[in-house]
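When you read off a place in the sequence shown, starting at 1, and then add 71, the result is the number in our numbering. Just so you know, even glycine gets a beta-carbon here, dropped at the ideal spot from N, CA and C. Everything numeric in this text was worked out from a predicted model, so none of it was measured.
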Amino acid sequence: MGAGLVNPVKALDPGLVYELQLIDYVKYLCGLGYNSREVTKTLGKQTTCTGLNPLSASELNYPSIVVNLTNGIASLTVNRTVTNVGNAQETYQANIVEPAGVRMYLSTYKLQFSRYRQQESFDITFVSKGKPLPGTDPTARGKIVWDSGVHLVTSPIAARLF
């Protein structure tokens, strides 16, 4: 699931961005079970998995979010950090479309920026309402849209339930 149709003009002024560092990708690849040699070959840069705390897919600071509420996991909290690349003075309000069978709670429903490149973090807690009905798709989809009146920033969500 993508975050929407690519509009080249709007892509030049996204408002908010979700940034990642190279070390985040290293931690993710190591967490997938790749060894230091394989990660080094993939990245084209000497690296090691030794001593790193691995990251899961839901922990990567991506705009899209995938959570697994499976095997008895009733709730899961993920963190995201956004960087303001829009107007220095801009406030965003969260609009949520919950995936079917999931309640979502944000640590804040408002992001207020006072300067360019300012970062703000928020937590999203996902709570399962129970198992999906037999014969239905166990992956439910939703989204968070951060709306400033100038910019719309969409984070698509996929939640697996079973």
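**Asked** Buried or exposed: Tyr187, going by 16 or more other Cβ atoms within 10 Å of its Cβ?
**Response** Here residue 187 refers to the residue found at position 116 of the sequence shown. Counting C-beta atoms within 10 angstroms of its own C-beta, Tyr187 has fewer than 16 neighbours from the protein chains shown and is therefore classed as exposed.
**Request:** In the DSSP assignment, find the unbroken alpha helix (DSSP H) run with Val156 in it and report its ends.
**Result:** Numbered from its first residue, the sequence shown carries residue 156 at position 85. That residue, Val156, is in no alpha helix (DSSP H); it is neither H nor E in DSSP.
**Prompt:** Hey, would you say His126 sits closer than 8 Å to Gly104, going by beta carbons?
**Reply:** Position 55 of the sequence shown, counting from 1, holds the residue named residue 126. Position 33 of the sequence shown, counting from 1, holds the residue named residue 104. A small fix is needed here, since residue 126 is Leu in this sequence, not His. Taking 8 Å as the cut-off, the Cβ atoms of Leu126 and Gly104 do not count as close.
**Message:** Need the endpoints of the alpha helix (DSSP H) that Ile94 sits in, please.
**Reply:** For the purposes of this step, residue 94 is taken as the residue at position 23 of the sequence shown. Run containing Ile94: 93 to 102, per the alpha helix (DSSP H) assignment.
**Request:** Give the range of the beta strand (DSSP E) segment to which Ala82 is assigned.
**Result:** Working through the sequence shown from its first residue, we reach residue 82 at position 11. Here Ala82 belongs to no beta strand (DSSP E); instead the alpha helix (DSSP H) covers 79 to 82.
**Item:** Selected residue, minimal CA-CA separation from Lys181, among Tyr163, Asp208, Ser226
**Value:** For the purposes of this step, residue 181 is taken as residue 110 along the sequence shown, with counting starting at 1. Check the Cα spacing between Lys181 and each of Tyr163, Asp208, Ser226: the tightest is with Tyr163.
**Asked** Below 8 Å between beta carbons: does that hold for Ser226 and Ser146?
**Response** Translated into the one-based positions of the sequence shown, residue 226 becomes position 155. Translated into the one-based positions of the sequence shown, residue 146 becomes position 75. Contact: no.
**Asked** Got a sec, what are the start and stop residues for the beta strand (DSSP E) Leu69 sits in?
**Response** Any answer about residue 69 is impossible in this case: the structure gives the chain only from 72 up to 233.
**Asked** Hey, quick one: how far does the beta strand (DSSP E) through Glu90 stretch, first residue to last?
**Response** Taking the first residue of the sequence shown as 1, we reach residue 90 at position 19. It is not in any beta strand (DSSP E) - Glu90 carries neither H nor E in the DSSP assignment.
**CB-CB length for Ile94 against Val149, believed under 8 Å** = Within the sequence shown, the letter at position 23 stands for residue 94. Within the sequence shown, the letter at position 78 stands for residue 149. The pair is not a contact, with the Cβ atoms about 18 Å apart (cut-off 8 Å).
**Message:** Please report the distance separating the alpha-carbon of Pro203 from that of Pro134.
**Reply:** Within the sequence shown, residue 203 is the residue found at index 132, counting from 1. Within the sequence shown, residue 134 is the residue found at index 63, counting from 1. Rounded to the nearest angstrom, the two C-alpha atoms are 25 Å apart.
**Asked** Excluding sequence positions up to five away, which residues of its chain have a Cβ less than 6 Å from the Cβ of Glu161?
**Response** Taking the first residue of the sequence shown as 1, we reach residue 161 at position 90. Same-chain partners within the cutoff: Phe184, Ser219.
**Request:** Compare the beta carbon distance of Ala211 and Ala159 with 8 Å and say whether it is the shorter of the two.
**Result:** Looking up residue 211 in the sequence shown gives position 140. Looking up residue 159 in the sequence shown gives position 88. Result no, Cβ atoms of Ala211 and Ala159 do not sit closer than 8 Å.
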